[in-house]
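Note that our numbering has the sequence shown beginning at 6, numbered continuously upward. All remarks here apply to the structure that follows.
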Amino acid sequence: MTDQHPRDVKSYVKRPGRMTPAQQRALDTLLPELGLPEPDAKLDPADVFGRSAPLLVEIGFGNGDSLVDIAAAQPDWNVLGIEVHEPGIGHCLLMAERAGLQHFRVSQYDAVAVLTHQLPRASVTRLNLYFPDPWPKKRHHKRRLVQPRFLELVDRVLAPEGALHIATDWENYAEQIDAVLSADARLRCAVRREHSGERPYERPQTKFERRGLKLGHRIWDWCWQRAG
Ligand SMILES: C[S@@+](CC[C@H](N)C(=O)[O-])C[C@H]1O[C@@H](n2cnc3c(N)ncnc32)[C@H](O)[C@@H]1O
6 MTDQHPRDVK SYVKRPGRMT PAQQRALDTL LPELGLPEPD AKLDPADVFG RSAPLLVEIG
66 FGNGDSLVDI AAAQPDWNVL GIEVHEPGIG HCLLMAERAG LQHFRVSQYD AVAVLTHQLP
126 RASVTRLNLY FPDPWPKKRH HKRRLVQPRF LELVDRVLAP EGALHIATDW ENYAEQIDAV
186 LSADARLRCA VRREHSGERP YERPQTKFER RGLKLGHRIW DWCWQRAG
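Pasting the structure below:
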């Protein structure tokens, strides 16, 4: 296993996908209002959201349905979704508009850059990573997000009382997550569940979870908190 991220994450995580006219309209009209700038400089979440509140960040929200449900249920939190797949961003923005969310923002940029350069240290109370790309082929495992280097970013942005929530439906990735996270003394496992989709931990079911369950996969859910 390597702890190196390929240089240009966006080049391989960005998938081709058909954009509907409604999604394109959402990108054109809502993204300028709800989107974050390029992650080349720090920003203050209180400025972005117009208020101070605990910050929930989700990496790779896909089509955003489950993230919009989370945001709608948490009006007292500031909620930031990070996703590079444009049709998914468009879909998510439409759902957020429909739900009338005021406390919701989106970054269309690589999460590694957002966590490295843009979010202040210790600013995230809850970091969600649900069903990250599994990169099943062994020669592609180095592209997986959960690696020791990713934990440096988690350590950078997670607040003292913060928690990292992860879920996957790939057994081999679950083993990697257990190994990488357990080896990091800065985090401790507060919750670990293995189930068949009936016991998601503090989250709605997601699109990729349903896809995995149809394939007969099992689901792993973790909550990792700062140790000590
Ligand atoms: C397998 S999908 C899961 C989507 C959603 N979380 C779900 O469970 O339905 C993984 C998503 O992560 C996004 N992604 C992967 N790497 C990313 C990165 N470095 N920054 C932002 N998004 C990323 C992909 O575009 C993709 O939509």
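Quick reminder that beta carbons are idealized off the backbone N, C-alpha and C, glycines included.
Close Cβ partners of residue i (< 8 angstroms) along its chain, the five nearest in sequence each way excluded
{"i": "S128", "result": "P50, L60, V162 and A164"}
{"i": "K212", "result": "G67, N68, D70 and S71"}
{"i": "E207", "result": "H170 and C228"}
{"i": "R126", "result": "R161 and V162"}
Pair within 7 angstroms by beta-carbon distance, residue i and residue j
{"i": "G69", "j": "C97", "result": "yes"}
{"i": "F109", "j": "V89", "result": "no"}
{"i": "T173", "j": "W229", "result": "no"}
{"i": "R149", "j": "W140", "result": "yes"}
{"i": "V185", "j": "V151", "result": "yes"}
{"i": "L156", "j": "D183", "result": "no"}
{"i": "L32", "j": "G95", "result": "yes"}
{"i": "E199", "j": "R231", "result": "no"}
{"i": "F66", "j": "G40", "result": "no"}
{"i": "Y114", "j": "P37", "result": "no"}
{"i": "A116", "j": "I64", "result": "yes"}
{"i": "D48", "j": "Q107", "result": "The amino acid at residue 48 is misidentified as Asp; the sequence shows Leu. No, the pair does not count as a contact, with Cβ atoms beyond the cut-off."}
{"i": "G202", "j": "L220", "result": "no"}
Same chain, Cβ closer than 6 angstroms to residue i, five either side skipped, listed in chain order
{"i": "A104", "result": "V73 and A77"}
{"i": "W175", "result": "P139"}
{"i": "Q28", "result": "P92, G95 and H96"}
{"i": "R204", "result": "R198"}
{"i": "W82", "result": "A58, P59 and L61"}
{"i": "V196", "result": "Y206 and C228"}
Residues bridged to residue i (per DSSP)
{"i": "F109", "result": "V84"}
{"i": "G40", "result": "V111"}
{"i": "Y135", "result": "A172"}
Beta-carbon proximity list for residue i, same chain, < 7 angstroms, skipping 5 on both sides
{"i": "D13", "result": "Bear in mind that a pLDDT of 40 at D13, under 50, signals an unreliable position, so the number given afterwards is only what the model happens to contain. Nothing meets the Cβ criterion."}
{"i": "T130", "result": "P59, L60, L61, A164, E166 and G167"}
{"i": "D52", "result": "none"}
CB contact check: residue i to chain C, cutoff 7 angstroms
{"i": "S57", "result": "The displayed structure is made up of one protein chain only, and chain C is not part of it."}
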